[in-house]
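Asker: My questions all concern the structure below.
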Amino acid sequence: GSNMGLKLRSDEVGVMNNVTVRGCLFVGNLTGIKVGSDPVNGVATSTVHENVSITGNVFTHNGGELHGGTELGVAIVLEQVDQTAVTDNLFIDKVAQTNWYAISVKTSLPLGSIDISNNVLDRWPAGEPFINAAAAGRVALDNTRVEAGAAGANEHHR
Numbered sequence: 002g003s004n005m006g007l008k009l010r011s012d013e014v015g016v017m018n019n020v021t022v023r024g025c026l027f028v029g030n031l032t033g034i035k036v037g038s039d040p041v042n043g044v045a046t047s048t049v050h051e052n053v054s055i056t057g058n059v060f061t062h063n064g065g066e067l068h069g070g071t072e073l074g075v076a077i078v079l080e081q082v083d084q085t086a087v088t089d090n091l092f093i094d095k096v097a098q099t100n101w102y103a104i105s106v107k108t109s110l111p112l113g114s115i116d117i118s119n120n121v122l123d124r125w126p127a128g129e130p131f132i133n134a135a136a137a138g139r140v141a142l143d144n145t146r147v148e149a150g151a152a153g154a155n156e157h158h159r
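In terms of our numbering, the sequence shown has 133 at position 132, counting the first letter as 1, and numbering is strictly consecutive.
What follows is the structure in structure tokens.
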């Protein structure tokens with residue numbers, strides 16, 4: 002089985018368009034959603050996903066250990082995306098302190114526009130920020146509410 006709740010990937014030249022993930026509940030995944038290409042056989046020179054919407058979902062009890070002791074615990078991974086919106090999601094009750102983020106954006110691969118807004122992060126372990134630092138300057142990050150007791154409280158209120 003997979004350790005991911007949902008994996009969207011494009012392994013061939015061309016673009017996967019108009020993808021919406023709405024109103025889903027992701028419980029107990031090591032990674033909730035991963036959007037990207039095959040790291041071995043995929044295209045690494047351009048974006049491969051356009052017009053992606055991840056909205057109105059709940060990510061809870063993310064995190065855990067793979068065989069061999071490696072821990073994961075990220076809700077959303079974005080790679081090689083353009084015209085992408087991550088909005089109105091709830092990230093709550095992460096179970097593992099793994100130094101992973103609620104959202105991880107891979108900045109070493111081509112990226113287009115990404116809007117991350119109107120999300121809520123609550124009861125996330127201290128020291129684990131909402132988004133990776135390299136991505137914070139590359140995405141539009143607005144109106145995300147970080148509840149008291151969550152990592153990075155009072156951050157990302159633009």
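Each residue gets a CB set at the ideal place from its N, CA and C atoms; glycine is no exception.
Small disclaimer: the values here were computed from a predicted structure and weren't measured.
1. Leaving out the 5 sequence neighbours to the left and right, which residues in its chain are closer than 6 Å to Ile117 when beta-carbon positions are compared?
2. Helix, strand or coil, according to DSSP, for Ala86 in the structure here?
3. Please classify Ser109: is it buried, with 16 or more other beta-carbons within 10 angstroms of its beta-carbon, or exposed?
4. If I measure Cβ to Cβ from Leu67 and keep anything under 8 Å in the same chain, skipping five residues before and after, which residues do I get?
5. Pick out whichever of Val49, Gly138, Asn52 and Asp123 has its Cα sitting closest to the Cα of Thr145.
6. Please classify His157 as buried or exposed, where buried requires at least 16 neighbouring CB atoms within 10 angstroms.
7. Which residue comes first and which comes last in the alpha helix (DSSP H) that contains Ala136?
8. Tell me whether the beta-carbon of Val78 lies closer than 8 Å to the beta-carbon of Gly37.
9. Could you check whether Asn90 and Ile55 sit closer than 8 Å to each other, using their CB atoms as the reference points?
10. Identify the continuous beta strand (DSSP E) that holds Asn63 and give its terminal residues.
11. Do you know whose CA, among Ala103, Lys107 and Arg10, lies nearest Asn120's CA?
12. When you compare only the Cα positions, how much space is there between Asn52 and Asn18?
13. Residues in its own chain within less than 6 Å of Glu80 by CB, not counting five upstream and five downstream?
14. Can you tell me which of the three DSSP states Val140 falls into?
15. What does a CB cutoff of less than 6 Å around Thr85 pick up in its chain, not counting 5 residues either side in sequence?
16. Could you pull out every residue in the same chain whose Cβ sits closer than 8 Å to the Cβ of Val20, ignoring the five residues on either side in sequence?
17. In angstroms with no decimal places, state the Cα-to-Cα distance between Asn155 and Ala137.
Answerer: Reading off the structure:
1. The residue labelled residue 117 in the question sits at position 116 within the sequence shown. Within the same chain, Ile117 has close Cβ partners Val87, Val140 and Leu142.
2. Stepping through the sequence shown from its first residue, residue 86 is reached at position 85. Of the three classes helix, strand and coil, the one that applies to Ala86 here is strand, per DSSP.
3. Mapped onto the sequence shown, residue 109 falls at position 108. So Ser109 ends up on the exposed side.
4. Taking the sequence shown and counting its residues from 1, one reaches residue 67 at position 66. These residues qualify, in order along the chain: Asn4, Leu31 and Leu73.
5. Translated into the one-based positions of the sequence shown, residue 145 becomes position 144. Closest by alpha carbon: Asp123.
6. Position 156 of the sequence shown, counted from the first residue, corresponds to residue 157. Residue placement at His157 is flagged as unreliable, the pLDDT there being 44, under the threshold of 50; the coordinate-derived value follows with that caveat. Flag for His157 reads buried.
7. Along the sequence shown, one-based indexing puts residue 136 at 135. Per DSSP, Ala136 belongs to the alpha helix (DSSP H) from Ala134 to Ala137.
8. Within the sequence shown, residue 78 is the residue found at index 77, counting from 1. Within the sequence shown, residue 37 is the residue found at index 36, counting from 1. Their beta carbons are under 8 Å apart, which means Val78 touches Gly37 by this criterion.
9. On the sequence shown, residue 55 is found 54 positions in, with the first residue counted as 1. On the sequence shown, residue 90 is found 89 positions in, with the first residue counted as 1. Yes; because the gap between Cβ atoms is below 8 Å, this pair is in contact.
10. Your numbering for residue 63 matches position 62 in the sequence shown. Counting along the chain, Asn63 falls outside any beta strand (DSSP E), and DSSP gives it neither H nor E.
11. Taking the first residue of the sequence shown as 1, we reach residue 120 at position 119. Ranking the options by Cα distance to Asn120, first place goes to Ala103.
12. Counted from its first residue, the sequence shown places residue 52 at position 51. Counted from its first residue, the sequence shown places residue 18 at position 17. Cα-Cα distance, rounded: 6 Å.
13. Your numbering for residue 80 matches position 79 in the sequence shown. Gly37, Lys107 and Leu110.
14. Here residue 140 refers to the residue found at position 139 when the sequence shown is read from its first residue. Val140: coil per DSSP, three-state reduction.
15. Residue numbering aside, residue 85 sits at position 84 when the sequence shown is read from its first letter. Cβ neighbours of Thr85 beyond the five flanking positions: Val53 and Ile115.
16. As a first step, residue 20 must be located in the sequence shown, where it is residue number 19. Only Leu9, Val36, His50, Asn52, Val53 and Ser54 meet the Cβ criterion.
17. To locate residue 155, count along the sequence shown from 1; it is residue 154. To locate residue 137, count along the sequence shown from 1; it is residue 136. Model confidence at Asn155 stands at a pLDDT of 41, short of 50, so the residue's coordinates are unreliable and nothing is read from them.
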